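Number of protein chains: 2
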Amino acid sequence: MVVSSPVRERKKRETWRLVHAAALRLMTERGFDAVSVDDIVAAAGISRRTFFNYFAGKESVVFDPDPDDPALWATLLAERPAGEPLWSSLREVLIGYTTAAADRMLLQRRVRLASPELAGCSRELADQFWVAVREWAAGHADLDGLRLDLTINAARTVLNTSCPHWDADTGITGLHELLRAGFAFVTPSLPERITS
Amino acid sequence: MVVSSPVRERKKRETWRLVHAAALRLMTERGFDAVSVDDIVAAAGISRRTFFNYFAGKESVVFDPDPDDPALWATLLAERPAGEPLWSSLREVLIGYTTAAADRMLLQRRVRLASPELAGCSRELADQFWVAVREWAAGHADLDGLRLDLTINAARTVLNTSCPHWDADTGITGLHELLRAGFAFVTPSLPERITS
DNA sequence: CGCAGTTCATGCACCGAGTGCAAGTTGCAC
DNA sequence: GTGCAACTTGCACTCGGTGCATGAACTGCG
């Protein structure tokens, strides 16, 4: 990862959060489809073209991770003790991440509630999170590709299934209970031990 | 379901298959993005507007089920013996469906191979298939909503994970082996018995 | 057959998402 | 300051998708 000068880096993150906040505020008010990219850039005070420098598309503004998140994932993954079963690692990392990102989880949930048209969109949390998880797991677990993907995608399914059942009034701990129940209900057989 | 006159019904299915075949042929040749809707309608000999009468969008032409499929699902689901565990029912229905739709499974696979841009698209088989499955399961299995969704989405994950690992040279039975292995590997605990 | 009602195909105008390009602006290093 | 690289912006353009109004084809019925 190339670190550009701190000033540029800081401004980029500021702009990212500015646009992100403006977009999600509008979307919670009117719903995803009723907010055009022009609305977002007008509210954020940037040009239309710049929006697409920051986000690959309108959906990305909802689902992309915060610029700081990758470092957070790395920390959470590195904290997992050696020998812990992969399934437990996935559960704990997921709980750790949703805890740290609780505010954004709630925000995303509000956007989804206001935007029934997003129902068909399977993306819940950042896809890039799962890419990072898969990379980590490939190096730490002793499974063939198919079983590795099955395990990770099963964890993904637990999260994606739990979210719509989550009553936001219960707070982030309410989601955690659903996740724990889900991880207990659907467990890949023979939870292998991680190697290193 | 309102049955319109048999002639109209027949022509609609003919047109559907005509457009579908033209679209998938072009997409296997050039890839999803490189085929525009105008290309498709030109190849199929219909108007642009008519295309959108048949398909909700360009993606739908790849992922929508054949007009005959819903009846097939209903048959497969009705054939499941009373008392069979839900997980087994899901496995067998999935194998039955992929058997009957083997040619389209292979075709879809070719389109995906030619279209890396479709990677992020989580849709594998028809979403509507899973809607039908969920409705059936809700009436036959004795599970709360969360566990029901977890079970069905786990089955969905097994399919969606198996497909990319599937070597088409092994034919549809190769996919079936992957599915059986996947269903065995990730099994929701306490496989409840279906009630009626 | 002829007639009315419905379904379907089509053309047209329009909106919004997303991209390529070229020019301008801003921060950075020396 | 000067030169370089990163970033922003405006513009023109392509393409996916929709609303609407019109016309053609099929339907059932007298």
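Chains as they are written, first to last, in the working numbering: chain A, 1 to 196; chain B, 1001 to 1196. Don't be surprised by glycine CBs; every beta carbon is placed ideally from N, CA and C. All figures in this text were calculated on a predicted structure; none of them were measured in a lab.
Distance, residue j Cα to residue i Cα
i, j, result
"B:T1098", "A:H176", "36 Å"
"A:E192", "B:K1012", "Reliability fails at A:E192, whose pLDDT of 49 lies under 50, so the model's placement of it is uncertain and the value that follows must be treated cautiously. Distance between the alpha carbons of A:E192 and B:K1012 is about 52 Å."
"A:L26", "A:D33", "11 Å"
"B:T1157", "A:A154", "7 Å"
"A:F105", "B:F1052", "First, the residue type needs correcting, since residue 105 of chain A is Met and not Phe in the sequence shown. Near 35 Å, if we compare the C-alpha coordinates of B:F1052 and A:M105."
"B:E1014", "A:Q128", "42 Å"
"A:I194", "A:S89", "Unreliable placement is indicated for A:I194, whose pLDDT of 46 sits below 50; no coordinate value is reported for it."
"A:T187", "A:C121", "25 Å"
"B:V1133", "B:I1152", "8 Å"
"B:V1062", "B:L1018", "13 Å"
"A:E117", "B:L1146", "22 Å"
"B:Q1108", "B:A1056", "18 Å"
"B:E1084", "B:P1006", "37 Å"
"A:D169", "A:A74", "30 Å"
"B:L1024", "B:E1009", "22 Å"
"B:F1185", "A:F185", "14 Å"
"B:E1079", "B:H1020", "29 Å"
Proximal residues to residue i (C-beta, below 8 Å), its chain only, five neighbours per side dropped
i, result
"B:T1173", "none"
"B:M1001", "Unreliable placement is indicated for B:M1001, whose pLDDT of 42 sits below 50; the coordinate value is still reported in the next sentence. Hits under 8 Å: none found."
"B:L1179", "R1091, L1094, I1095, T1098, V1158, L1159 and S1162"
"B:S1047", "V1041"
"B:E1059", "C1121 and R1123"
"A:W87", "T151, A155, F183, T187, P188 and P191"
"B:D1167", "G1174"
CB-CB length for residue i against residue j, believed under 8 Å
i, j, result
"A:A102", "A:L72", "Wrong, their Cβ atoms sit about 13 Å apart, outside the cutoff."
"B:T1028", "B:R1123", "Going by Cβ atoms, the distance from B:T1028 to B:R1123 rounds to 18 Å, so no, they are not a contact pair."
"B:L1077", "B:W1130", "In fact, because the Cβ distance is near 12 Å, the residues do not count as touching under 8 Å."
Nonlocal neighbours in the same chain, by C-beta distance under 7 Å from residue i, ignoring five residues either side
i, result
"B:A1022", "I1040, A1043 and A1044"
"B:S1196", "Any reading at B:S1196 is ruled out, since the residue's pLDDT is 42, under 50, leaving its predicted position unreliable."
"A:A138", "L148"
"B:H1165", "L1178"
"B:V1037", "R1048, F1051 and K1058"
"A:W16", "Y54 and P67"
Beta-carbon proximity list for residue i, same chain, < 6 Å, skipping 5 on both sides
i, result
"B:P1070", "none"
"A:V35", "L26 and M27"
"B:R1112", "L1118"
Residue j beta carbon less than 8 Å from that of residue i
i, j, result
"B:R1171", "B:A1114", "For the record, residue 1171 of chain B in the displayed sequence is Gly; it is not Arg. No, the Cβ-Cβ distance between B:G1171 and B:A1114 is not below 8 Å."
"B:L1150", "A:G182", "yes"
"A:P65", "A:A126", "yes"
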